[in-house]
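To start, the structure under review is shown below, and the notes come after it.
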Amino acid sequence: MTDGYALDKKSFSKELRLLLEVLKTDDIDETAKRNPQLFTDIDWELWVRLSLHHRVFPYIYPKLSRMREEHVPSAVTQRLKWEYRKNTVQMLQLSGEMGYLGEELSKLQIRSLFLKGPVLAQELYGDISLRTSRDLDFLVPMAQLAETEALLVRLGYVKEEDFESILGDWKWREHHTTFNHPDKGIKVEVHWRLSPGPSKEPEFDELWKCARTSSHFGQNVHYLGSEDLFLFLAAHGARHGWSRLRWLLDIRQLLLQKPDSGKLAGLIQQYNYADVGGQTLLLAADLLAAPVEPALEGFTKRPKARRIAQLALFYVARMINLHNPPLEPEAERHYKYYQPAILTRWHQFLYVAGFLYPYAVDAKTLPLPKPLHVLYFPLRPFLWTWRKVSGQEK
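According to our numbering, the sequence shown holds residues -18 to 375 in order.
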């Protein structure tokens, strides 16, 4: 950073340090000449596993394929070549499906914004083969959600599960629902929010005003404007502890495109992302040498931004998949502390207050007629206590 601040990376293995160096440099041979010790005593099997875990192997394979074999064993390059080719096939399949879904949504006049997937790979990397994607995510207005879900069912998709809900709490407790196509083997996540509540974020109409249309996937594939995309990627990465370097690499690629820093700074302030935005910029700059414009540097100097950036290194330094419980006890304890730590004080209050809002399990504990569901608000503390005492609370 410009003020000389650096994160404490003592916990990083030599393999992780090499991976970071490969990610942020274009000429690996030159790097090897300047720092030959980076390539010595490397556990190459671990290095490959790190590149797969962090989902950055398609970005680093083309770099490795251009360098001399004396630095990286040919077996490593061949393994990544196989993974790279497999990923390219998957991205081509997702690209075709994304264009098809965009067209079908457009026929019904359903506005949609694709959030990740091939459109993000093309926009940030200039080539769909340089980024991984497991599914397609797109955002639609809440008013058109039911129509969108019905369309997916007609197209052969199967809804993964229905939320157990009461008093409409799914609208803010959740932010997307998942569909799978059994024949195509494609997963789709339909969003009605960018992030789960409680969080402040732009309304769909505001996002639509700044949306861009793809020149590669057809006129019906729309995606977020640069500044809105930063907010989305920052919120997503922070929520997942930046446990995959691919998310930070996305931020680096976005910052290299120089979004409007004044507009972005305004959005960060407006939607209470000052600390998370600062964390994002700090991590991208410190780990991947991402450029930070002067108008954004103030966010990196915030004490809380620096504190939660350091907390995130716990996940960067380890191969932790937060989506696959049970976690190791140390990781679980850390995440229970980290998750509320990244919230603003107001959002921490809303997060705690959310526990007072009725849950579907309350209706199972004491079934009431739907017109009386409002009574679950005053009854919730007693119902929760009863489940605790009786051993029903999981």
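All C-beta atoms in this analysis are idealised placements derived from N, C-alpha and C, irrespective of residue type, glycine included. Note that the structure is predicted; figures quoted are calculated from it, not measured.
Annotated as distal: Leu292 and Tyr254, with beta-carbon spacing of 8 Å or more. Apart from the 5 residues on each side of it in sequence, Leu(-1) sits with its Cβ closer than 8 Å to the Cβ of Leu19, Phe20, Ile23 and Trp28 in its chain, given in chain order.
Here Phe295 has His315 as same chain residues with Cβ atoms under 7 Å from its own Cβ, once five neighbours each way along the sequence are excluded.
With a beta-carbon spacing of about 5 Å, Arg36 and Arg225 fall inside the 8 Å limit used to define contacts.
In the DSSP assignment, Val333 falls within the unbroken alpha helix (DSSP H) covering Arg326 to Ala334. In the DSSP assignment, Ile9 falls within the alpha helix (DSSP H) that extends over Ile9 to Arg15. In the three-state reduction of the DSSP assignment, Ile232 falls in the helix class. When DSSP states are grouped into helix, strand and coil, His35 belongs to the coil group.
Around the C-beta of Asn302, fewer than 16 other C-beta atoms lie within 10 Å, and the residue is accordingly described as exposed. CA-to-CA, the gap between Val169 and Thr158 works out to about 8 Å. For Glu170, the pairing in a beta bridge is given by DSSP as Asp118 and Thr159. The beta carbon of Ala312 sits closer than 6 Å to the beta carbons of Ile301 from its chain, once the five residues preceding and following it are set aside; these are given in chain order. The beta carbons of Glu85 and Leu132 sit about 6 Å from each other, so the pair counts as a contact at 8 Å. If you look at Leu61, you'll find it in the alpha helix (DSSP H) that goes Ser55 to Lys88.
For the pair Lys369 and Leu360, the Cα-to-Cα distance works out to about 14 Å. Here Leu94 carries a strand assignment [DSSP, helix/strand/coil]. As computed with DSSP, Thr281 is found in no beta bridge at all.
Rounded to the nearest whole angstrom, the CA to CA distance from Trp223 to Met72 is 23 Å. In this structure, the CA atom of Gln90 is about 14 Å from the CA atom of Asp186.
Here Tyr40 is not near Glu104, since their CB atoms are 8 Å or more apart. Judged by their CB atoms, Leu248 and Leu212 are nearer to each other than the 8 Å cut-off. With respect to the C-alpha of Leu(-12), the residue from Ile289, Pro307 and Asn161 having the closest C-alpha is Ile289. Counting along the chain, the unbroken alpha helix (DSSP H) around Trp367 starts and ends at Tyr357 to Ser371. If you draw a straight line from the Cα of Asp241 to the Cα of Glu128, it comes to about 35 Å. Contact check between the stretch 192 to 200 and the stretch 93 to 110: three or more CB pairs, one atom from each, fall below 8 Å, which counts as touching. Taking one beta carbon from each stretch, the stretch 226 to 246 and the stretch 268 to 286 have 3 or more pairs nearer than 8 Å; the two touch.
Judged by their CB atoms, Asp(-16) and Lys285 are not nearer to each other than the 8 Å cut-off. About 30 Å separates the beta carbon of Val257 from that of Gly83, a gap too long to meet the 8 Å contact definition. With contacts defined by Cβ atoms closer than 8 Å, Ser207 and Gln251 do not form a contacting pair.
A Cβ-Cβ contact shorter than 8 Å links Ile9 with Lys44. Judged by their CB atoms, His172 and Leu96 are nearer to each other than the 8 Å cut-off.
Here Ala246 is near Leu277, since their CB atoms are less than 8 Å apart.
Taking C-beta atoms as the reference points, Asp343 and Leu324 fail to come closer than 8 Å.
The beta-carbon distance between Phe(-7) and Ala298, rounded to whole angstroms, is 5 Å. This is short enough to meet the 8 Å contact definition. Counting along the chain, the unbroken alpha helix (DSSP H) around His315 starts and ends at Pro310 to Ala322.
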